[in-house]
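Enquirer: Mind looking over this structure? Questions follow.
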Amino acid sequence: MLRSLLRFVFVIVLVSASANAKPVSILILGDSLSASYGMTEQEGWVHLLQQRQPDLRLINASISGETTDGGLRRLPGLLTRHQPDWIFVELGGNDGLRGFPLTLTEQNLEQIVALGLDSGSQVLLSEILLPPNYGRRYTEAFQGIFEQLSDRHQVQLVPFFMRDIAIDPELMQADGIHPNQSAQPLIADTLEPWFLKTLPAQ
């Protein structure tokens, strides 16, 4: 009888702890690829992933057209307001597409990562790839920025979620740059395992 009672109390404690567990908060600092460009917010991958994972609290601070400079200027206020556990940095694409100096993009991303870590947040850094028509030398040097930052700061580098989507016209909007609504669940599928790694081990 006593053993059964203790087991019942133990189960109740576990259930209560689970119910009161605070979701892991992840600030999404991105551009149009994460800002539901060309569709409603509810159709975008951030919202879809949030619906799947109630143990995560996704804070979407992405803005279409955002550059690393813009993200860097906005980040201190976002950190103060949301105090996220993690930051998913998905920036750099607009820098590359506009031909910004690589040193400027690297410096901005370096400061973004450092600010996040200094605030007590952990960082997921998204790899960004450019179209091949920008030239092999520029695109390879651009890609190297993310690899070097990941190594230098010991933060997780997440493979570019557009890698397979961008080559499929059926998954792209008419501009050939932005993923369409059909691509959003696929992006959520790609990023979900990486985001789940932010949850505490059970």
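The sequence shown runs -21 to -1, 1 to 181 under mature numbering (1 follows the signal peptide of the UniProt record, and there is no 0). Glycine residues also receive a C-beta, built at the ideal position from the N, C-alpha and C atoms.
Kindly indicate which three-state DSSP category His36 falls into: helix, strand or coil?
Expert: Note that residue 36 is Arg in the sequence shown, not His. Here Arg36 sits in strand by DSSP.
Enquirer: In chain order, what residues of the same chain lie with their CB nearer than 8 Å to the CB of Met151, ignoring the 5 residues before and after it?
Expert: Cβ neighbours of Met151 beyond the five flanking positions: Ile144, Ala145, His157, Pro158, Asn159 and Ala162.
Enquirer: Looking at Trp65 and Ile107, is the spacing between their C-beta atoms short of 7 Å?
Expert: Not a contact, by the Cβ cut-off of 7 Å.
Enquirer: Leaving out five residues before and five after Asn87 in sequence, what residues of the same chain have Cβ atoms less than 6 Å from its Cβ?
Expert: Same-chain partners within the cutoff: Thr47, Asp48 and Leu51.
Enquirer: Quick one: Cα of Val68 to Cα of Leu8, how far?
Expert: For Val68 and Leu8, the distance between alpha carbons rounds to 5 Å.
Enquirer: My assumption, with CB atoms under 8 Å, is that Thr84 sits in contact with Gly72. Please give the rounded CB distance.
Expert: No, Thr84 and Gly72 are not in contact; Cβ-Cβ is about 10 Å, not under 8 Å.
Enquirer: Answer yes or no: the CB of Val102 versus the heavy atoms of the ligand SAH, is any distance below 6 Å?
Expert: In the structure on display, the ligand SAH does not appear, and there are no ligands present to speak of.
Enquirer: How many Å lie between Tyr113 and Ala(-1) at the Cα?
Expert: For Tyr113 and Ala(-1), the distance between alpha carbons rounds to 47 Å.
Enquirer: Checking 7 Å against the spacing of the C-beta atoms, do Ala14 and Ile42 come in under that value?
Expert: Cβ distance < 7 Å, so Ala14 and Ile42 count as in contact.
Enquirer: If I measure Cβ to Cβ from Arg31 and keep anything under 8 Å in the same chain, skipping five residues before and after, which residues do I get?
Expert: If we look at Arg31 and ignore the five residues flanking it on each side, its Cβ neighbours are Ala167 and Glu171.
Enquirer: Would you tell me roughly how many angstroms separate the C-alpha atoms of Pro164 and Trp24, rounded to the nearest one?
Expert: Near 6 Å, if we compare the C-alpha coordinates of Trp24 and Pro164.
Enquirer: On the three-state DSSP scale, how would you describe Asn112?
Expert: In this structure, Asn112 counts as helix in the three-state DSSP scheme.
Enquirer: Assign Gln127 to one of three DSSP states: helix, strand, or coil.
Expert: Here Gln127 sits in helix by DSSP.
Enquirer: In the DSSP assignment, what residue or residues form a beta bridge with Met151?
Expert: DSSP, once it has assigned bridges, lists Pro158 as partnering Met151.
Enquirer: Taking 8 Å as the limit between beta carbons, can you name the residues of its chain near Leu109, skipping five residues before and five after?
Expert: Only Gly72, Gly75, Leu76, Tyr117, Thr118, Phe121 and Gln122 meet the Cβ criterion.
Enquirer: Tell me Val68's beta-bridge partners as DSSP assigns them.
Expert: Note: Val68 sits in a beta bridge opposite Leu8 and Leu104.
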